[in-house]
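Chemist: In UniProt numbering, the protein residues as written are 1 to 319.
Below are the structure tokens for one structure; questions will follow.
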């Protein structure tokens, strides 16, 4: 994990350096656009020197990583004229909360449906669930978000965009604000879980079908083991291995889809902030968000390894 995170930090910093220009160009444009003042390259260079953007990239990388590791400081958010920590502080927890709810919804729906489809393989119900899962893989998340927004407004006269209602968006945290968050959280969680649920339904169905035909299951059934206990003890438990091993992949999928879904639903979390920081060329903010999201993915991969060892004795024993 440590080696991976070091490499990730280098890649994130390289991504921060890729866009043409830097915040000095954007700052000069915003400050003097429409004023009739002529800006020269020397003026932009002076701004770049003031912001410290003219220093060699290796030195800026070491300062950036050193501030994060030693002080937990992600640097200055130029476009917001404050620190990156102040900008992303609350949004990190909102994003992690959304991620947690999305993962819970994904597995709470896909695992039982996948098991049921495998047990009822070849029936009309199985075919219907298969069609539904393929639809989930084919339909883009942002289109689903637009459809749900339309019907929520048309049928219920409700605006379910964003994570908070207008009365609570800037209010201090309270039980009422938390409940308002819960009322708004279901829609983005459902949209983000849509494709992940479809993929995991197919995964569980396929692996469960393979496990049902194994000799250990046939022998347990011959011994008179109750069907429900048999399913949970043998095929269902081993069918979860591919699901658990792809937790990091699901987290990556959710984070990849988050910015466009955030733009459609008006979410005030890291996905929306990432888009704005790229548009503003505020690469300290963008880099901090990318690094944090990648750390979460690496951490979830580690958790999935531990869960696999707990689920499958063969992994613990090195078999």
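Think of the CB as a built atom: it goes at the ideal place given N, C-alpha and C, for glycine as much as any other residue.
Note that the coordinates shown come from a computational prediction; the quantities given were computed from them, not determined experimentally.
Along the chain, where does the alpha helix (DSSP H) that runs through residue 130 open and close?
Modeler: Start at 1 with the first residue of the chain shown, and residue 130 comes out as number 130. Element bounds for residue 130: 124 to 138.
Chemist: Starting from residue 174, trace the alpha helix (DSSP H) in both directions and tell me its first and last residue.
Modeler: Reading the chain shown from its first residue, position 174 is the one you call residue 174. Residue 174 -> no alpha helix (DSSP H), and no H or E assigned at all.
Chemist: Does the beta-carbon distance from residue 162 to residue 268 come in below 8 Å?
Modeler: Stepping through the chain shown from its first residue, residue 162 is reached at position 162. Stepping through the chain shown from its first residue, residue 268 is reached at position 268. Yes, these two residues count as a Cβ contact at 8 Å.
Chemist: So, is residue 129 buried or exposed, given that buried needs 16 or more other C-beta atoms within 10 angstroms?
Modeler: Against the chain shown, residue 129 aligns to sequence position 129. Buried, since its Cβ has 16 or more Cβ neighbours within 10 Å.
Chemist: Tell me whether residue 246 sits in a helix, a strand or coil according to DSSP, three-state version.
Modeler: For this step, residue 246 is matched to residue 246 along the chain shown. It is coil, neither helix nor strand.
Chemist: Please go through the stretch 220 to 290 and give each complete alpha helix (DSSP H) segment of 4 or more residues, from N-terminal end onward.
Modeler: Qualifying alpha helix (DSSP H) stretches, in chain order: 227 to 233, 235 to 239, 241 to 245, 247 to 265 and 270 to 279.
Chemist: Suppose you measure from the CA of residue 14 to the CA of residue 77; what does that come to, to the nearest Å?
Modeler: Locating residue 14 in the chain shown gives position 14, counting from the first residue. Locating residue 77 in the chain shown gives position 77, counting from the first residue. Cα-Cα distance, rounded: 18 Å.
Chemist: Under 8 Å, with one C-beta from each stretch per pair, do the stretch 191 to 210 and the stretch 99 to 116 reach the 3-pair mark?
Modeler: These segments touch.
Chemist: Using 8 Å as the threshold, is the stretch 208 to 216 in touch with the stretch 234 to 244, meaning 3 or more CB pairs across them?
Modeler: The stretch 208 to 216, when compared against the stretch 234 to 244, does touch it at the 8 Å Cβ threshold.
Chemist: Alpha carbon to alpha carbon, how far is residue 82 from residue 266? Give it in angstroms, no decimals.
Modeler: Here the question's residue 266 lines up with position 266 in the chain shown. Here the question's residue 82 lines up with position 82 in the chain shown. Distance between the alpha carbons of residue 266 and residue 82: 23 Å.
Chemist: Once the 5 residues before and after residue 5 are set aside, which same chain residues still bring their CB inside 7 Å of it?
Modeler: For this step, residue 5 is matched to residue 5 along the chain shown. Excluding sequence neighbours, residue 5 sits near 295 and 298.
Chemist: Short of 7 Å in beta carbon distance, which residues of its chain neighbour residue 221, apart from the five on each side in sequence? Order them along the chain.
Modeler: Start at 1 with the first residue of the chain shown, and residue 221 comes out as number 221. Taken in chain order, the residues that qualify are 230.
Chemist: Tell me the DSSP secondary structure of residue 183 in three-state form.
Modeler: Stepping through the chain shown from its first residue, residue 183 is reached at position 183. Residue 183 falls in the helix class under three-state DSSP.
Chemist: CB-CB under 7 Å to residue 110, same chain, minus the five flanking residues each way: which ones, in chain order?
Modeler: Within the chain shown, numbered from 1, the residue matching residue 110 stands at position 110. Within the same chain, residue 110 has close Cβ partners 197, 200, 201 and 204.
Chemist: Can you tell me whether residue 283 is buried or exposed? The criterion is at least 16 other CB atoms within 10 Å of its CB, across all chains shown.
Modeler: The residue labelled residue 283 in the question sits at position 283 within the chain shown. Classification of residue 283: buried, given that the 10 Å Cβ count is 16 or more.
Chemist: Flag this pair as touching only if the stretch 22 to 33 and the stretch 85 to 99 have three or more C-beta atom pairs under 8 Å; answer yes or no.
Modeler: Cβ pair count under 8 Å is below three, so no.
Chemist: Thinking C-alpha only, which one of 285, 194, 46 and 301 is nearest residue 80?
Modeler: Translated into positions along the chain shown, residue 80 becomes position 80. Checking every option, the nearest Cα to that of residue 80 belongs to 285.
Chemist: Consult DSSP for residue 57 and reduce its assignment to one of helix, strand or coil.
Modeler: Mapped onto the chain shown, residue 57 falls at position 57. In this structure, residue 57 counts as helix in the three-state DSSP scheme.
Chemist: Tell me, please, whether the stretch 174 to 184 touches the stretch 253 to 260 by the rule of three or more beta-carbon pairs shorter than 8 Å.
Modeler: Segments in contact, no.
Chemist: I'd like the list of long-range same chain contacts for residue 242, defined as Cβ closer than 6 Å, with 5 residues on each side in sequence excluded.
Modeler: As a position in the chain shown, residue 242 is number 242, starting the count at 1. Counting only Cβ-Cβ distances below 6 Å, and skipping sequence neighbours, we find 203 and 207.
Chemist: Can you tell me the Cβ-Cβ gap for residue 9 and residue 65, rounded? I've got them flagged as a contact below 8 Å.
Modeler: Translated into the one-based positions of the chain shown, residue 9 becomes position 9. Translated into the one-based positions of the chain shown, residue 65 becomes position 65. The pair is a contact, with the Cβ atoms about 6 Å apart (cut-off 8 Å).
Chemist: Assuming residue 16 is part of the alpha helix (DSSP H), what are its boundary residues?
Modeler: Locating residue 16 in the chain shown gives position 16, where the first residue counts as 1. Element bounds for residue 16: 2 to 17.
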